[in-house]
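In order, the protein sequence lines correspond to chains V and S.
For the first sequence, my numbering assigns the number 1 to the initial residue and increments by one for each residue that follows.
For the second sequence, my numbering assigns the number 521 to the initial residue and increments by one for each residue that follows.
Note that beta-carbon positions come from the ideal geometry of N, C-alpha and C, so glycine has one too.
Beneath this line is the structure, given in structure tokens, with notes to follow.
Protein chains: 2
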Amino acid sequence: MTVSRLLPCLLASLLVLSMHAAGASDSPRPTYAWSTDEVYDAAAIPAYAGTHEAVYARIDADLDAHVAHLQRWVRQRSISAQDDGIRDMAGLLADDLRALGFAEVEVVDTPGHPGVLGWYDAGAERTLVVYMMYDVQPIEPNWRIDDPFAGELVEHELGTVLMARGATNQKGPQRAFLNALDAMIATTGTLPVNLYVVAEGEEELGSPNFGDVIAPWRERLRQADGAFFPMNIQTPDGKASLNLGVKGIVYFEMEAKGGEWGGPSKAEVHGSLKALVDSPTLRLVQAIASMTTPDGNTIVIPGYYDAVTAPTAEQQRLVNALARDADDAAMQRAFAVSRWIGGMEGREAIVRNLFDPTFNVDGLWSGYTGEGVKTILPHMATAKVDSRLPPGLEPDDAYRMIRSHLDANGFNEIEIRPMSGYPAASTSVEAPLVQALLGVFNKYGVQTRVSPWLAGSAPFYQFTRTLGLPFVFGGLGHGSGAHAPDEYMLIHPAEGVGAAGLADIEKSYVDILHALADGF
Amino acid sequence: MTVSRLLPCLLASLLVLSMHAAGASDSPRPTYAWSTDEVYDAAAIPAYAGTHEAVYARIDADLDAHVAHLQRWVRQRSISAQDDGIRDMAGLLADDLRALGFAEVEVVDTPGHPGVLGWYDAGAERTLVVYMMYDVQPIEPNWRIDDPFAGELVEHELGTVLMARGATNQKGPQRAFLNALDAMIATTGTLPVNLYVVAEGEEELGSPNFGDVIAPWRERLRQADGAFFPMNIQTPDGKASLNLGVKGIVYFEMEAKGGEWGGPSKAEVHGSLKALVDSPTLRLVQAIASMTTPDGNTIVIPGYYDAVTAPTAEQQRLVNALARDADDAAMQRAFAVSRWIGGMEGREAIVRNLFDPTFNVDGLWSGYTGEGVKTILPHMATAKVDSRLPPGLEPDDAYRMIRSHLDANGFNEIEIRPMSGYPAASTSVEAPLVQALLGVFNKYGVQTRVSPWLAGSAPFYQFTRTLGLPFVFGGLGHGSGAHAPDEYMLIHPAEGVGAAGLADIEKSYVDILHALADGF
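Following this line, the structure appears as structure tokens:
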């Protein structure tokens, strides 16, 4: 067990973190009992000791061709939101899998964009599912290069980068993974593990049909030993952040509209009629306001915090490690935020961020939003709301509690339109796949921050719950600009830059597969 | 006194209208004590008995030329919001006044569009101030005619109409008034009253500089006997609605923005950070919600209802008359509203509409308002809010109470940006100018609904308070489509249409000036 003891267990077992925000001592927000101050030490995991010199040499020799494969991938447009190049990209991926020797490759039609399934039978004992997304975000203006699909190498302060839409999110690391397979197969004739590839073209749309993509092979996939999503998780200095899961989410629209209950039902009326006419806008405002404390920070929907799980000892050790290295001020600067809620910091902030459900208004609109004065009583008002769900809080329960709360408070006319909803996913740090990854990171001298999960959301429950597999998303490498201009992936790091370049990324993938095969 | 007694006074004096909405019995919303059920009867005012046949004949003879004057006015563009034709229209108006024999005519510069002042000295005992607005609303699409500034006569189901931007709001009735002056001066050499014209070119912008327009002549204007705004107030069936004032208003933006108190200060952050980061959007929602009851219909800002005045006996009689003829269902159909607040109707609805202050959200926006799912924690949120102020509630006091309420509830970071604010205006139905108008209406057989004021707002306090004059806005005639496509003014009514045509409108203006001169 890779744990340092900072405090005697007796003392640690008595510790209870007080999480109450100032002035909210009767808050329904949970307090999290803390039983250990032990600190998880990822560096204590033995570095992966295997070497695969022939494969490494092949990677080095073929590096230009490997870069060209990344360029070929990003040059194929595949904007899911605009149905731009999607089917061509699915075909390109399927062809690449066949070229690598995947015996079965299927393009799976769904109600949306197609998925791609691949099966490489190495006759090995262990089997890994590799998740891929082949779609990319739309292009916004203000790129420094003319064409975000040109796939050009650009000189950057960090070194030579591939600058393109999809470079780091997610074509670069995915094709780097396939390059690693290519080098292994070319050198040894096979792979150390059997591989499934399950790829979707709708990740950027919230993966609405990913269940359909994996359905044809679901029972086969459930027999695998783990699932892996290749991802660049290094910062330029070389440090890595490994998140062992994600929160779930419900994302919905709330809408108030005039009708039988009152208010204008067809179009706005004059603002001076407010003494006679109910306001859908004020009703929506009141309904949203009823769901939190006046500071907007504690959810008062009955039961909403009840299913929140207390941090396990393992999670506490991970959090203790995160807290030891926490730099709230730096994170606040990065987000242009002066302070966290209630002035919290350190471990309290980390625990809240990971374990608290959230209630957030993403967007809100009603009536006249132009310049100057226009006096209307709008006939409708709409909000986009997301609530992040830690493990334990199920999306169906969240939706049910929200509806019950609105009804109980007389907001029956407020419509809830679910747009997304899926539960959290988390994998134990003790899972062999995680240990294999951390062992390989330690071989490359990478200092790794390990979090029980991410405060953000992704439908990774499809791996942990639908397929019942440990799931890891990560890998060496650095990129930036996902969903933004100037997206890039670092290919050849400049002198002094700590993040891995393409060759080391690929070599580390070789090591990870071997580490998994060796039963780390 | 023109009052019908429906109930014995003893009974009436005991009546108290219960205004409580269902379930809001501890509401701070006022209850209005009622002391009389007497009904004001505008029809009982003696019809104006004067005749001015020579002038009427002149109007009939010149009618084509008079229509041409209206056409000339609407053909001159004068869109204040777009500074389109404004100075030309001010010049045209000034020239018309000079042509009529106004001895003094001044174009008054302001920080915005210029005003026009005119003085016609008839050597008469009485003096009337005539308010005019020479600006019009911008043009929206979907007019049935090609050019809203062509000033063409169009055949309409009601008869021949002048269809043009400004036809009824407000160039048509104003130029009709000048046509009446023209006929009187041409026939008799003078006018029965002295006249000031005070015209602004920013009415559609909220009259921000009207104080500057009247400032040069303020002391002279204060010596007048009343102020009049020519306006078409007949429905097609010929009935008229005369409103003896307006509510005041405060119109402001409320804004929450991340800053030292918390929240993202520069741009949105990812929605998953809500457990750490305060939400300006939720703070704005909470701040707005704190200002009303959950139904959005009762203002809970301390003191907000305190200055509301109880209906005087005169106002009660007017309201009783309105209530006798009220058709809530028809009004609700017109606004596509199923029911008034709390199911109220009749007199209760009328009193609430006139005497209650309102709190209304005209517009609201924050964050992502496009299609689909985007998860952000917006760094700012903004609302446009208007509150209508009955007589007694001053705009400065309203702003002060709103700010105090927000501060007292911890919403110190919510910014209030005043965009408009002026008090109510009201004139007694017993004022000679009002009696003169109603006497003339009765001469023309017009059934008139008289309201103490309108639930809407206009800066007419400039007449009632700044100049200390009774102020009436009204006149025969019918038009529709102000601020909308297909604006028109009825010129020649079809058979069976009750509303007056241009000739009768002009003749009624002749009568009104004489009635005022005769000391009605």
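Neighbourhood of residue i by C-beta, 8 Å cutoff - its chain only, sequence neighbours within 5 removed
{"i": "residue 536/V", "result": "Not covered by the structure: residue 536/V. The range shown for chain V is 1 to 520."}
{"i": "residue 523/V", "result": "With chain V running from 1 to 520 in the structure shown, residue 523/V is simply not present."}
{"i": "residue 1007/S", "result": "668, 683, 684, 685, 686, 687, 688, 689, 999, 1000, 1001"}
Close beta carbons around residue i, own chain, < 7 Å, minus the five adjacent residues each side
{"i": "residue 665/S", "result": "672, 674, 683"}
{"i": "residue 888/S", "result": "894, 896"}
Listed by chain order, chain S residues near residue i by CB distance under 8 Å
{"i": "residue 352/V", "result": "795, 796"}
{"i": "residue 544/V", "result": "What is shown of chain V runs 1 to 520, which leaves residue 544/V out entirely."}
{"i": "residue 292/V", "result": "802, 806"}
Unbroken alpha helix (DSSP H) run spanning residue i, endpoints
{"i": "residue 583/S", "result": "583 to 595"}
{"i": "residue 1009/S", "result": "Residue 1009/S -> not in any alpha helix (DSSP H); beta strand (DSSP E) instead, spanning 1008 to 1013."}
{"i": "residue 730/S", "result": "730 to 734"}
{"i": "residue 969/S", "result": "Not the alpha helix (DSSP H): residue 969/S falls in the beta strand (DSSP E), residues 968 to 971."}
{"i": "residue 106/V", "result": "Where residue 106/V is concerned, there is no enclosing alpha helix (DSSP H), although the beta strand (DSSP E) it sits in stretches over 104 to 108."}
Between the CA atoms of residue j and residue i - distance to the nearest angstrom
{"i": "residue 719/S", "j": "residue 653/S", "result": "5 Å"}
{"i": "residue 593/S", "j": "residue 655/S", "result": "11 Å"}
{"i": "residue 192/V", "j": "residue 343/V", "result": "50 Å"}
{"i": "residue 376/V", "j": "residue 624/S", "result": "40 Å"}
{"i": "residue 484/V", "j": "residue 142/V", "result": "9 Å"}
{"i": "residue 549/S", "j": "residue 771/S", "result": "21 Å"}
{"i": "residue 519/V", "j": "residue 432/V", "result": "7 Å"}
{"i": "residue 318/V", "j": "residue 497/V", "result": "27 Å"}
{"i": "residue 178/V", "j": "residue 92/V", "result": "13 Å"}
{"i": "residue 979/S", "j": "residue 353/V", "result": "52 Å"}
{"i": "residue 76/V", "j": "residue 101/V", "result": "22 Å"}
{"i": "residue 313/V", "j": "residue 472/V", "result": "20 Å"}
{"i": "residue 453/V", "j": "residue 240/V", "result": "14 Å"}
{"i": "residue 422/V", "j": "residue 779/S", "result": "33 Å"}
{"i": "residue 524/S", "j": "residue 560/S", "result": "Residue placement at residue 524/S cannot be trusted, given a pLDDT of 36 that sits under 50; the coordinates are not used to answer."}
{"i": "residue 184/V", "j": "residue 122/V", "result": "12 Å"}
{"i": "residue 229/V", "j": "residue 918/S", "result": "59 Å"}
{"i": "residue 691/S", "j": "residue 591/S", "result": "9 Å"}
{"i": "residue 310/V", "j": "residue 334/V", "result": "29 Å"}
{"i": "residue 98/V", "j": "residue 190/V", "result": "14 Å"}
{"i": "residue 791/S", "j": "residue 456/V", "result": "8 Å"}
{"i": "residue 1037/S", "j": "residue 648/S", "result": "9 Å"}
{"i": "residue 820/S", "j": "residue 871/S", "result": "19 Å"}
{"i": "residue 753/S", "j": "residue 988/S", "result": "24 Å"}
{"i": "residue 391/V", "j": "residue 427/V", "result": "11 Å"}
Cut-off 6 Å between Cβ atoms - residues of its own chain near residue i, not counting five sequence neighbours on either side
{"i": "residue 933/S", "result": "781"}
{"i": "residue 1034/S", "result": "570, 712"}
{"i": "residue 572/S", "result": "1030"}
{"i": "residue 1026/S", "result": "579, 696, 699, 700"}
{"i": "residue 42/V", "result": "438, 448, 450"}
{"i": "residue 63/V", "result": "503"}
{"i": "residue 575/S", "result": "703, 704, 707, 1030"}
{"i": "residue 137/V", "result": "204, 483"}
Endpoints, the beta strand (DSSP E) within which residue i is located
{"i": "residue 505/V", "result": "Note, residue 505/V: premise wrong, no beta strand (DSSP E); alpha helix (DSSP H) at 502 to 517."}
{"i": "residue 241/V", "result": "240 to 243"}
{"i": "residue 484/V", "result": "Segment: none, residue 484/V is in no beta strand (DSSP E) and carries neither H nor E."}
{"i": "residue 329/V", "result": "No beta strand (DSSP E) holds residue 329/V; the alpha helix (DSSP H) holding it covers 328 to 335."}
Partners in chain V for residue i, counting only beta-carbon separations shorter than 8 Å
{"i": "residue 869/S", "result": "276"}
{"i": "residue 771/S", "result": "373, 375"}
{"i": "residue 662/S", "result": "Correct list: empty, because the minimum Cβ distance to chain V is about 14 Å."}
Closer than 7 Å at the beta carbon, the chain S residues around residue i
{"i": "residue 507/V", "result": "Chain S residues near residue 507/V: none, gap ~32 Å exceeds 7 Å."}
{"i": "residue 368/V", "result": "882, 883, 904"}
Listed by chain order, chain S residues near residue i by CB distance under 9 Å
{"i": "residue 264/V", "result": "855, 856, 857"}
Interface partners of residue i on chain V, CB under 9 Å
{"i": "residue 767/S", "result": "272"}
{"i": "residue 922/S", "result": "What residue 922/S touches in chain V: nothing, since even the nearest Cβ is about 15 Å away."}
Under 7 Å by beta carbon: chain V residues contacting residue i
{"i": "residue 940/S", "result": "373"}
{"i": "residue 799/S", "result": "296, 360, 361"}
- Item | Runs of alpha helix (DSSP H) wholly within the segment 370 to 443 of chain V (minimum 4 residues, chain order) | 395 to 408, 432 to 443
- Message: What are the residues in the segment 830 to 853 of chain S lying within 7 Å of chain C by C-beta distance?
- Response: Of the chains in the structure shown, none is chain C; the protein chains are V and S.
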